[in-house]
Each structure stands twice: as structure tokens, then as C-alpha cells.
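Since the structure comes first, as C-alpha cells, the remarks are kept for the end.
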Amino acid sequence: MKSGPIAAFVLAFVLQLPSQLPVSAQSFESFYQQGLMQVKTGDVSGAIGSFSSAAQLNPKSFAAQYNLGLALRQSGQVQASASAFYRAIQLDPSYALTYANLGAALLEGNNLKQSREYLSRAIVLDPKLGMAYYNLGLVQNLEGDVKGATNFFQKATELNPGIPEPYYHLGLAYQRTKWNRGSIAAFRKAVQVNPNYADAFYALGTVLYSDGDWSNAIVAFRSATQLNPKFANAYYGAGMTFLKQKNYSEAKRVLEFAKAEYQQLGNRVWVDRVNGILSKI
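First residue of the sequence shown: 62, per the numbering used here; consecutive thereafter.
Next up, the structure:
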């Protein structure tokens with residue numbers, strides 16, 4: 062029932078035009094500036110078209126290729142974005158963010174070896190690029206190196222304390238090593254940074270449940286369902302916690318919500334599991 066980790070892209074668009082424009086400078090600048098404006102207004106599809114046109118008019122423009130990569134990534138075209146970032150690196154191999162974003166794209170494409178190489182290069186170019194450490198943590202985690210992942214997530218939280226995802230994945234790493242205290246602290250920090258982080262509230266609830274802190278587990282699960290009313294696992298967690306408290310009426314009520322959401326998802330295994338629990342209440 063869990064979704065996979067999401068690679069973090071550093072969405073810092075390059076605003077400055079190159080000092081030397083091609084013969085069709087006016088057209089290039091027009092498309093380039095139009096692309097930047099479309100990004101600001103949320104027209105990602107339009108931005109892709111504009112940056113593509115700018116890149117065709119000036120194939121040597123690093124800024125056009127890099128921004129095209131970011132726009133493609135925002136639209137979910139991971140493979141195409143990776144290609145644009147790679148072309149940008151050939152034009153300017155000194156910009157750390159390009160390596161970080163290419164590494165993140167490769168990570169989402171499950172190309173872990175190359176992802177690690179580009180993310181590591183980003184850190185060489187900019188040792189304070191926190192989200193490169195975060196993505197390296199995701200790589201290590203997917204490879205089963207929990208200790209390595211933990212170190213990278215910790216570094217990411219130190220460099221980017223205002224971003225919630227590194228705290229969340231740090232909490233998951235601690236949870237895998239059974240260090241509940243560290244896990245709880247990391248999840249609490251994640252929801253402090255982003256009070257709308259439903260997954261972090263749910264994860265916090267699961268650790269509090271396993272720690273026997275049922276009252277606070279209920280609070281965490283309830284926060285998750287308030288933020289995401291279709292969060293089946295959070296309803297299930299709350300229901301199981303109510304059972305621990307011997308609050309059978311609330312347990313039954315909340316588990317019915319969980320069952321309904323599992324049915325909507327077409328998850329017969331979990332529907333049957335909930336039915337089995339309800340039959341014993």
C-alpha cells in the first residue's frame with residue numbers, strides 16, 4: 062500500500078540569457094522569455110514548447126536545455142528530462158544543479174548506478190547541495206544500504222532544514238533499524254516543517270503504535286485522514302489502535318472507513334483482512 066520514493070528535483074530555473082546570441086537572437090530570446098513566463102503561470106506544457114523552440118534556434122544554449130529539462134520533469138516526462146539535462150551538461154559541465162537533476166531523473170527511471178555517479182558529481186561541485194544528498198539516500202535505500210541512506214538523509218536535513226522529505230525518509234530509515242525514538246523525532250520534524258504531510262503523520266502513527274503510545278498514535282492517524290480522507294492505511298491504523306484501547310465502537314466505525322477505501326482501491330486482500338477483524342468485534 063506504500064508508494065515508492067520520489068526523487069527530489071531542484072527546480073531552480075536559469076533566468077540569465079547567454080551573452081552571445083545566435084543570428085536569430087530575437088526569436089530565441091522571445092521563446093526563452095516566453096518559456097520563463099509560462100513556468101511562472103503554471104503552463105508547463107507551453108513552457109516545454111517554448112524552451113524546445115529556443116533550444117532548436119540556439120543548440121548551444123545551456124539555459125534553454127536546462128530549463129527544458131526542468132519543464133519536462135514537471136510534466137512527468139522523466140526520460141526526456143534526463144536527455145535534456147545530459148545535453149545541458151555537455152554545454153556547461155560546471156553547474157552542480159544539472160548533475161543533481163539528472164541524477165534524480167535517473168533515479169526515478171531506476172538507473173541507480175548512473176544516478177549515483179551524477180549525484181556524487183553534483184556534491185563534488187557543490188558540497189552544500191542538500192537535495193543531492195537526499196537523492197543519494199534514496200539510491201542507497203533502494204540498494205538495501207540502510208546505514209548509508211541514513212547518513213545521506215541526516216546530511217540533507219542539516220543542509221536543508223526547511224524541506225520535509227529528508228526528515229520523512231530519515232524517519233523511515235530509523236524505523237527499519239527499530240530505533241523508534243529517532244524515528245518519532247524525524248517524523249515529528251517532517252510534519253512540523255510541513256503540517257500537510259499526510260504520509261509523515263501516518264508513519265508517525267505507526268511508530269507510536271508500535272511504541273505503545275496509543276493516544277498519540279490516534280492523533281497522528283487522525284491527522285493523516287483529515288489531510289487525505291481516502292487514506293485507507295491510516296483508517297486501518299486508527300482502527301487497530303482503538304482496539305488496543307478496547308474502544309470497540311470507534312474501532313468498528315473507523316475500520317469500516319478503511320474497508321470502504323480498500324474496496325475503492327480494489328484491494329481484496331485488505332478488504333478480507335478488515336472483514337476478519339470486524340467479525341471478531
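We put the CB at the ideal spot given by N, CA and C, even for glycine.
Keep in mind the model is a prediction, meaning the values are calculated, not measured.
#1: From which residue to which residue does the alpha helix (DSSP H) around F248 run?
#2: For P225, count the other beta carbons within 10 Å of its own beta carbon; 16 or more makes it buried, fewer makes it exposed. Which is it?
#3: When you compare the CB positions of Q306 and W331, do they come within less than 7 angstroms of one another, or not?
#4: Helix, strand or coil for G209, going by three-state DSSP, please let me know.
#5: Anyone know if the C-beta pair for G107 and Q94 falls short of 7 angstroms?
#6: Taking the alpha carbon of Y296 as the point to measure from, which residue in P256, V207, T267, S176 has its own alpha carbon closest?
#7: Can you say whether V185 is buried or exposed, counting buried as having 16 or more other CB atoms within 10 angstroms of its CB?
#8: Do Q41 and G191 have their C-beta atoms within less than 7 angstroms of each other?
#9: On a Cα-Cα basis, can you pick out the residue from N128, T218, G96, F89 that is closest to Q118?
#10: Compare the C-alpha of Y179 against each of I150, K216, V207 and name the closest.
#11: To the nearest whole angstrom, what separates the beta carbons of A234 and T211, a pair I think is in contact under 8 angstroms?
#12: Excluding sequence positions up to five away, which residues of its chain have a Cβ less than 6 angstroms from the Cβ of A157?
#13: Less than 7 angstroms between the beta carbons of A264 and A293, yes or no?
#14: Considering only residues of the same chain and omitting the five flanking positions on each side of F214, which have a CB-CB separation below 7 angstroms?
#15: F337: which of M301, E311, N308, S142 sits nearest, CA to CA?
#16: With DSSP collapsed to three states, give me the class of P83.
#17: Spatial neighbours of G137 within its chain, please: CB distance less than 6 angstroms, with the 5 preceding and 5 following residues excluded, ordered by chain position.
#18: Assign Y309 to buried or exposed, taking buried as 16 or more other Cβ atoms, counted over all protein chains shown, within 10 Å of its Cβ.
#19: In chain order, what are the residue ranges of uninterrupted alpha helix (DSSP H) at least 4 long that sit wholly in the segment 292-319?
#20: Assuming G223 and A193 make a contact with CB atoms under 8 angstroms, what is their CB distance in whole Å?
#21: Using only the alpha-carbon positions, how far apart do S113 and A125 sit?
#22: Determine the DSSP secondary structure at L265, reduced to helix, strand or coil.
#23: How many angstroms separate the CA atom of A285 from the CA atom of A261?
#24: Using only the alpha-carbon positions, how far apart do Q236 and I109 sit?
#25: Taking all protein chains shown into account, do 16 or more other C-beta atoms lie within 10 angstroms of the C-beta of E169, making it buried, or fewer, making it exposed?
#26: Throw me the rounded Cβ distance for the Y270 and A278 pair, which I believe falls under 8 angstroms.
#27: On the criterion of 16 or more Cβ atoms from any shown chain inside 10 Å, does G205 qualify as buried, or is it exposed?
Straight from the coordinates:
#1: Within the sequence shown, numbered from 1, the residue matching residue 248 stands at position 187. Counting along the chain, the alpha helix (DSSP H) containing F248 begins and ends at 241-254.
#2: Here residue 225 refers to the residue found at position 164 of the sequence shown. So P225 counts as buried.
#3: The count along the sequence shown starts at 1 and reaches residue 306 at position 245. The count along the sequence shown starts at 1 and reaches residue 331 at position 270. The answer is no: Cβ separation not under 7 angstroms.
#4: One-based indexing of the sequence shown puts residue 209 at position 148. Helix at G209.
#5: On the sequence shown, residue 107 is found 46 positions in, with the first residue counted as 1. On the sequence shown, residue 94 is found 33 positions in, with the first residue counted as 1. No, they are not a contact pair.
#6: Against the sequence shown, residue 296 aligns to sequence position 235. Closest by alpha carbon: T267.
#7: Within the sequence shown, numbered from 1, the residue matching residue 185 stands at position 124. By the 10 Å Cβ count, V185 comes out exposed.
#8: Examination of residue 41 is not possible in this model, given that the chain is present from 62 through 342 alone.
#9: Here the question's residue 118 lines up with position 57 in the sequence shown. According to the sequence as given, residue 118 is Leu; it is not Gln. Comparing Cα positions, the closest option is F89.
#10: As a first step, residue 179 must be located in the sequence shown, where it is residue number 118. Checked all of I150, K216, V207; the closest Cα to Y179 is I150.
#11: To locate residue 234, count along the sequence shown from 1; it is residue 173. To locate residue 211, count along the sequence shown from 1; it is residue 150. Going by Cβ atoms, the distance from A234 to T211 rounds to 4 angstroms, so yes, they are a contact pair.
#12: Counting from 1 along the sequence shown, the entry for residue 157 is found at position 96. Once the five neighbours on either side are set aside, the close Cβ partners of A157 are A183, L186, D187, L190.
#13: On the sequence shown, position 203 is the one that residue 264 refers to. On the sequence shown, position 232 is the one that residue 293 refers to. Not closer than 7 angstroms, so no.
#14: Counting from one through the sequence shown, the residue named residue 214 turns up at place 153. Closer than 7 angstroms at Cβ, skipping near neighbours: Y195, G198, P227, H230, L231, A234.
#15: Against the sequence shown, residue 337 aligns to sequence position 276. The residue asked about is misnamed: residue 337 is Gly in this sequence, not Phe. Checking every option, the nearest Cα to that of G337 belongs to M301.
#16: To locate residue 83, count along the sequence shown from 1; it is residue 22. Bear in mind that a pLDDT of 47 at P83, under 50, signals an unreliable position, so the number given afterwards is only what the model happens to contain. In this structure, P83 counts as coil in the three-state DSSP scheme.
#17: Start at 1 with the first residue of the sequence shown, and residue 137 comes out as number 76. So no residue of the chain qualifies.
#18: Numbered from 1 along the sequence shown, position 248 holds the residue referred to as residue 309. Label assigned to Y309: exposed.
#19: 293-305
#20: For this step, residue 223 is matched to residue 162 along the sequence shown. For this step, residue 193 is matched to residue 132 along the sequence shown. Rounded, the Cβ-Cβ distance is 16 angstroms, inconsistent with contact.
#21: Counting from one through the sequence shown, the residue named residue 113 turns up at place 52. Counting from one through the sequence shown, the residue named residue 125 turns up at place 64. In a straight line, the C-alpha of S113 is about 7 angstroms away from that of A125.
#22: Residue 265 sits at position 204 when you count from the first residue of the sequence shown. Three-state result, L265: helix.
#23: In the sequence shown, the residue the question calls residue 285 occupies position 224. In the sequence shown, the residue the question calls residue 261 occupies position 200. Answer to the nearest angstrom: the Cα atoms are 8 angstroms apart.
#24: Here residue 236 corresponds to residue number 175 of the sequence shown, with the count starting at 1. Here residue 109 corresponds to residue number 48 of the sequence shown, with the count starting at 1. Taking the straight line from one Cα to the other gives about 40 angstroms.
#25: In the sequence shown, residue 169 corresponds to position 108, counting from 1. It is buried - the Cβ of E169 has at least 16 other Cβ atoms within 10 Å.
#26: The residue you call residue 270 lines up with position 209 of the sequence shown. The residue you call residue 278 lines up with position 217 of the sequence shown. Contact holds; Cβ gap of about 4 angstroms.
#27: In the sequence shown, counting from the first residue as 1, residue 205 sits at position 144. So G205 counts as exposed.
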